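The opening position of the sequence shown corresponds to residue 9 in my numbering, with each subsequent residue numbered one higher. Idealized CB from N, CA, C, for every residue including glycine. In this text the structure is predicted, and so the values were computed from the model without any measurement. Beneath this line is the structure, given in structure tokens, with notes to follow.
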Amino acid sequence: MFSHVMVGTNDIDRSQRFYDAVLGVLGVGAPMRNAAKTGHMRLFYRHDGVTFCVSQPINDEPATCANGGTIGFKCSSAEQLRRFHEVAVAHGGTAIEGPPGPREDTPGAMHLAYVRDPDGNKLCALYRLG
Numbered sequence: 009m010f011s012h013v014m015v016g017t018n019d020i021d022r023s024q025r026f027y028d029a030v031l032g033v034l035g036v037g038a039p040m041r042n043a044a045k046t047g048h049m050r051l052f053y054r055h056d057g058v059t060f061c062v063s064q065p066i067n068d069e070p071a072t073c074a075n076g077g078t079i080g081f082k083c084s085s086a087e088q089l090r091r092f093h094e095v096a097v098a099h100g101g102t103a104i105e106g107p108p109g110p111r112e113d114t115p116g117a118m119h120l121a122y123v124r125d126p127d128g129n130k131l132c133a134l135y136r137l138g
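Here it is as structure tokens:
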């Protein structure tokens with residue numbers, strides 16, 4: 009259903025260091041760096057037919073995160089999910105909503121890990137068993 013997701017950043021180089029490391033855990037390669045016609049820098053991470061984008065706000069206002077918004081990344085194993093979380097925190101992310109692993113409301117069916125990126129965007133790593 010989705011073609012891409014884009015988040016804003018106030019520091020494109022910091023975001024690239026963070027997302028290169030975190031998305032690398034999922035097998036995502038280096039982004040395509042692009043300058044918009046306005047001169048604002050953008051990063052396009054392409055993987056499995058979808059694109060995750062990071063951009064300096066084109067309107068020159070500070071980038072802010074969405075209250076209630078979450079961007080989910082699919083993991084292929086519980087170990088990959090834990091690694092996603094560890095790498096995110098090691099690269100400037102903030103662990104939120106408890107440790108990575110199964111959740112009480114989905115016993116054994118789903119593992120989740122939540123972090124905020126350096127700009128405050130909420131990310132979720134998700135692994136479904138079976």
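Where N129 falls, given that 16 or more other Cβ within 10 Å makes a residue buried:
Position 121 of the sequence shown, counted from the first residue, corresponds to residue 129. Buried, since its Cβ has 16 or more Cβ neighbours within 10 Å.
Could you check the C-alpha separation between N42 and V36 for me, to the nearest Å?
As a position in the sequence shown, residue 42 is number 34, starting the count at 1. As a position in the sequence shown, residue 36 is number 28, starting the count at 1. If I take the Cα positions, the gap works out to 17 angstroms.
Quick check: what's the CA-CA separation for L89 versus G100?
Along the sequence shown, read from residue 1 onward, the residue named residue 89 stands at position 81. Along the sequence shown, read from residue 1 onward, the residue named residue 100 stands at position 92. Looking at the two C-alpha atoms, the distance is approximately 17 angstroms.
Using the C-alpha atoms, what's the distance from S84 back to P110?
As a working mapping, residue 110 is identified with position 102 in the sequence shown. As a working mapping, residue 84 is identified with position 76 in the sequence shown. When rounded, the distance between both Cα atoms is 15 angstroms.
Report yes if the C-beta distance between R50 and P126 is below 8 angstroms; otherwise report no.
Residue 50 sits at position 42 when you count from the first residue of the sequence shown. Residue 126 sits at position 118 when you count from the first residue of the sequence shown. Their beta carbons are not under 8 angstroms apart, which means R50 does not touch P126 by this criterion.
Other residues of its chain near T102: CB distance less than 7 angstroms, five sequence neighbours each side excluded
Position 94 of the sequence shown, counted from the first residue, corresponds to residue 102. The answer, listed in chain order, is V123, R124.
How many Å lie between H93 and A44 at the Cα?
On the sequence shown, residue 93 is found 85 positions in, with the first residue counted as 1. On the sequence shown, residue 44 is found 36 positions in, with the first residue counted as 1. Their backbone Cα atoms lie some 31 angstroms apart in a straight line.
Can you list, in chain order, the residues of its chain with a C-beta nearer than 6 angstroms to that of D19? Leave out the 5 residues immediately preceding and following it.
Position 11 of the sequence shown, counting from 1, holds the residue named residue 19. Excluding sequence neighbours, D19 sits near nothing in its chain.
With distances taken Cα to Cα, identify the nearest neighbour of T17 among D56, F10, V62, T46.
Walking along the sequence shown from the start, residue 17 turns up at place 9. Closest option to T17, Cα to Cα, is V62.
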